[in-house]
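Chains as they are written, first to last, in this note's numbering: chain F, 1 to 233; chain Y, 1 to 367. The C-beta atom is built at its ideal place from N, Cα and C for all residues, glycine as well. See below for the structure under consideration.
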Amino acid sequence: MDLILKGLEQAFRLLFGGDRSTYEIALRSLEVSLAALVVSLALGVPLGAAIALNRFPGRRFVVALVNTGMGVPPVVVGLVVALFLWRSGPLGILNLMYTVRAMIIAQVLIALPIVAGLSLAALQQLDTGFRLQIMALGAGQWQTFLLLLREIRVPLLAAVMAAFGGVISEVGAVMIVGGNITGQTQVLTTGIVQRTGMGDFAGAIALSVILIILAFSTNYAMTIIQQRGSRTL
Amino acid sequence: MAGAPILEARDFVVVRNGKELVRVERFAVQPGEVHVLLGPNGAGKSTLLRALNGLEEATGQLFFDGAPLRNGGDRRRLRRRTAAVFQRPHLLSTTVRGNVESGLRLRGVTGAELRRRTSASLSLLGIADLAERRRDGLSGGEAQRVSIARALAVDPAVVFFDEPLASLDPPTRRSLTADLQSIFAQLATAVLWVTHDTEEALAVADRVTFLSGGRVLQEGPRAEVFNRPATPEVADYLGVDVWLEGTLESGDVGTARFVLAGGASLVCPEAPPGPAFACIHPEDVVLFLSPPREGSTSLRNMIPATVSEIRPQARSRLIVLEWQGGRLQALVTRAACEELDLARHSTVYAAIKAMAVHVVPRGRLPA
Numbered sequence: 001m002d003l004i005l006k007g008l009e010q011a012f013r014l015l016f017g018g019d020r021s022t023y024e025i026a027l028r029s030l031e032v033s034l035a036a037l038v039v040s041l042a043l044g045v046p047l048g049a050a051i052a053l054n055r056f057p058g059r060r061f062v063v064a065l066v067n068t069g070m071g072v073p074p075v076v077v078g079l080v081v082a083l084f085l086w087r088s089g090p091l092g093i094l095n096l097m098y099t100v101r102a103m104i105i106a107q108v109l110i111a112l113p114i115v116a117g118l119s120l121a122a123l124q125q126l127d128t129g130f131r132l133q134i135m136a137l138g139a140g141q142w143q144t145f146l147l148l149l150r151e152i153r154v155p156l157l158a159a160v161m162a163a164f165g166g167v168i169s170e171v172g173a174v175m176i177v178g179g180n181i182t183g184q185t186q187v188l189t190t191g192i193v194q195r196t197g198m199g200d201f202a203g204a205i206a207l208s209v210i211l212i213i214l215a216f217s218t219n220y221a222m223t224i225i226q227q228r229g230s231r232t233l
Numbered sequence: 001m002a003g004a005p006i007l008e009a010r011d012f013v014v015v016r017n018g019k020e021l022v023r024v025e026r027f028a029v030q031p032g033e034v035h036v037l038l039g040p041n042g043a044g045k046s047t048l049l050r051a052l053n054g055l056e057e058a059t060g061q062l063f064f065d066g067a068p069l070r071n072g073g074d075r076r077r078l079r080r081r082t083a084a085v086f087q088r089p090h091l092l093s094t095t096v097r098g099n100v101e102s103g104l105r106l107r108g109v110t111g112a113e114l115r116r117r118t119s120a121s122l123s124l125l126g127i128a129d130l131a132e133r134r135r136d137g138l139s140g141g142e143a144q145r146v147s148i149a150r151a152l153a154v155d156p157a158v159v160f161f162d163e164p165l166a167s168l169d170p171p172t173r174r175s176l177t178a179d180l181q182s183i184f185a186q187l188a189t190a191v192l193w194v195t196h197d198t199e200e201a202l203a204v205a206d207r208v209t210f211l212s213g214g215r216v217l218q219e220g221p222r223a224e225v226f227n228r229p230a231t232p233e234v235a236d237y238l239g240v241d242v243w244l245e246g247t248l249e250s251g252d253v254g255t256a257r258f259v260l261a262g263g264a265s266l267v268c269p270e271a272p273p274g275p276a277f278a279c280i281h282p283e284d285v286v287l288f289l290s291p292p293r294e295g296s297t298s299l300r301n302m303i304p305a306t307v308s309e310i311r312p313q314a315r316s317r318l319i320v321l322e323w324q325g326g327r328l329q330a331l332v333t334r335a336a337c338e339e340l341d342l343a344r345h346s347t348v349y350a351a352i353k354a355m356a357v358h359v360v361p362r363g364r365l366p367a
């Protein structure tokens, strides 16, 4: 108990005493996860829409792939990305291993199936006639896409929250491809692992508190947007 | 109807998943007319409507205002000049006003013109007071009025209605039908209206195309289709229960004689001799307790018959008669039924004008 209390006390000193390295780690975490989220939204929503709105051979297989991707362990994703980015790997020439970019790539691959899968499911919930109605109003393809997204904005924001929660809290992939290098690629989750391993519980608790505050405040903001104008059953 | 059609399809075929759903040689909607596509469920009516609106792939030729539509871009331009109302209102998750504005905005209308046309359309449908309500707070009838207001706001050359009243309760359906009849009379917009409901078709149609199995069985002005169904299937659907099979023979000047298998015959309008079917609407059969004096009436057919059944209807009685030629039905008022003291086995005389015996030569029937 004493250990926890001491840890919490030191954690608040680090948090409110303006400890530079703690804030650097927090900002890097946000940078990696938000960048991965933006890229996965830009790719995942159109991908989900393309699967939901079109009929093509092998469609069920593709849907199954996306759904499976939602449950792949991040550590496996990290391994696959590392194999590609390793110096002797197919993309080794890019020299991305142990960089923030490599971490973003790994997190995109974690978040992409979540965004695509949940967008796909949300669009499939819409009445099939809805799309025809929007087209009959005179909408072009792009306008139809945007109006459909507006209709699914509540489940779409749920997808954003699920994807953000998935990447901000994952440790396996960023540990493998980022290397957890202090001052360069260390993020909140890998920092917690490192500090716990070193017996620096105050540092680990401080990073954990920041991680929880970040996760909660981001989700709270998105929940406010999501629930605006929505109804209860 | 004279003049160039606003919408015309030729050799129009819709195939989905390798199955041919619709094949139409020619189908045309004239400017300003309410053209009803009538037929049973699964006839291909909605499929044809969607294909005509460029929402479903089809082969053949499609012309809008005389110009051929050749590709996706042309079909999109068609959708910018038309509007559609479906069975479900499919309102966007915004206010009533936002919904009515949506079609206009998509067509680039903004500012004062947007506000003017939105208000005019809301008023036309009697929903101006609902303008700020959101989608979730509307009844089914109100939501469908919003959908119609949204369609009419864009001043379309053709409005496609796909069973717009099918999911409404009867009072709402009646009130909306009455309002739409008045709106159609005010506007110059052509309407293509899909329904399986004959009463609905009678209420709104100028012209009717009867579709079954993806094929047009009959097309013509409303009165012609309802009074002179071209095939037994159309007649069955429209509620003409009695079809007689026989042969047409030459009759007196301007008439023919329809001879039934048992030797009984009916005088009917002149038509080419040969095998034929005849149908008689129950409304066209008049009942007498004794035959009128010969030469005192213009009626050409006076048939002695026996009442075999009396079927009560909401405001009338359907009298089923047996005669030498088979079965016949007469629709009479409840009061007439009581005055004539009709009961099973009563003997009556069924009078039918020659012009009310509608004959279809058997060659016109589908194989």
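The beta carbon of residue 138(F) sits closer than 8 Å to some beta carbon of chain Y.
If only complete runs of 4 or more residues are kept, the segment 217–283 of chain Y shows the alpha helix (DSSP H) at 222–227 and 232–238, in order along the chain. In the three-state DSSP reduction, residue 56(F) falls in the coil class, being neither helix nor strand. Setting aside the 5 residues that flank it on each side, residue 309(Y) is surrounded in the same chain by 320, each with a C-beta closer than 6 Å to its C-beta; the list follows chain order. Beyond the five residues adjoining it in sequence on each side, residue 188(Y) comes within less than 8 Å, by CB distance, of 31 and 32 in the same chain, given in chain order.
In this structure the segment 166–174 of chain F lies against the segment 106–113 of chain F, because at least three pairs of beta carbons, one per stretch, are closer than 8 Å.
Two segments are said to touch when three or more pairs of C-beta atoms, one from each, lie closer than 8 Å; by this definition the segment 73–93 of chain F does not touch the segment 135–146 of chain F.
Residues 183 of the same chain have their beta carbon placed closer than 8 Å to that of residue 24(F), with the five preceding and five following residues left out of the count. The distance from the Cβ of residue 244(Y) to that of residue 278(Y) is about 5 Å, consistent with a contact at the 8 Å cut-off.
In this structure, residue 60(Y) places its C-beta atom within 8 Å of the C-beta atom of residue 10(Y). In this model, residue 159(Y) and residue 152(Y) are separated by some 8 Å (Cα to Cα).
Under the DSSP definition of a beta bridge, residue 316(Y) partners with 333(Y). When secondary structure is reduced to three states using DSSP, residue 308(Y) falls in the strand class. Residue nearest to residue 26(Y) within the set 57(Y), 113(Y), 209(Y) and 117(Y) is 209(Y) (criterion: CA-CA distance). If you check each beta-carbon in the segment 121–138 of chain F against every beta-carbon of chain Y, the ones closer than 7 Å belong to 127, 129, 130, 132, 133, 135, 136, 137 and 138. Between the segment 117–136 of chain F and the segment 80–89 of chain Y, the count of C-beta pairs closer than 8 Å reaches three or more; the two stretches touch. Going by beta carbons, residue 356(Y) and residue 303(Y) fall outside the 8 Å limit.
Per the coordinates, the alpha-carbon of residue 179(Y) lies some 17 Å from the alpha-carbon of residue 130(Y).
Contact check for residue 127(Y) and residue 149(Y): beta-carbon distance about 6 Å, within the 8 Å limit, so the pair qualifies. Residue 227(F) is outside the set of residues whose beta carbon lies under 8 Å from a beta carbon in chain Y.
Per DSSP, the beta bridge partners of residue 82(Y) are 158(Y).
The residue among 294(Y), 106(Y), 299(Y) and 206(Y) with its C-alpha nearest the C-alpha of residue 29(Y) is 206(Y). In the assembly as shown, residue 5(F) is an exposed residue. Its beta-carbon has fewer than 16 other beta-carbons within 10 Å. Residue 28(Y) carries a strand assignment under DSSP once its states are collapsed to helix, strand and coil. DSSP assignment within the segment 126–196 of chain F yields the following whole alpha helix (DSSP H) runs of 4 residues or more, N-terminal first: 128–136, 141–151, 153–168 and 172–178. Taking a Cβ-Cβ threshold of 8 Å, the residues of chain F close to residue 107(Y) are 138, in chain order. Within 7 Å of the CB of residue 120(Y), no CB atom of chain F is found; the nearest one sits about 18 Å away. Sequence-distant Cβ neighbours of residue 229(Y) in its own chain, meaning closer than 7 Å and more than five residues away, are 218, 235, 238, 240 and 279.
Rounded to whole angstroms, the gap between the alpha carbons of residue 143(Y) and residue 144(F) is 21 Å. Of 123(Y), 265(Y) and 157(Y), the smallest CA-CA separation from residue 246(Y) is found for 265(Y).
Runs of the alpha helix (DSSP H) lying entirely within the segment 1–69 of chain Y and spanning at least 4 residues, in chain order: 45–52. Residue 186(F) is outside the set of residues whose beta carbon lies under 8 Å from a beta carbon in chain Y.
Residue contact check for residue 147(F) against chain Y: a CB pair falls below 8 Å.
By the Cβ test, the segment 130–139 of chain Y is not in contact with the segment 61–68 of chain Y, since fewer than three Cβ pairs between them sit closer than 8 Å.
Taking 8 Å as the cut-off, the beta carbon of residue 36(Y) is found closer than this to the beta carbon of residue 201(Y). At least one beta carbon of chain Y lies nearer than 8 Å to the beta carbon of residue 151(F).
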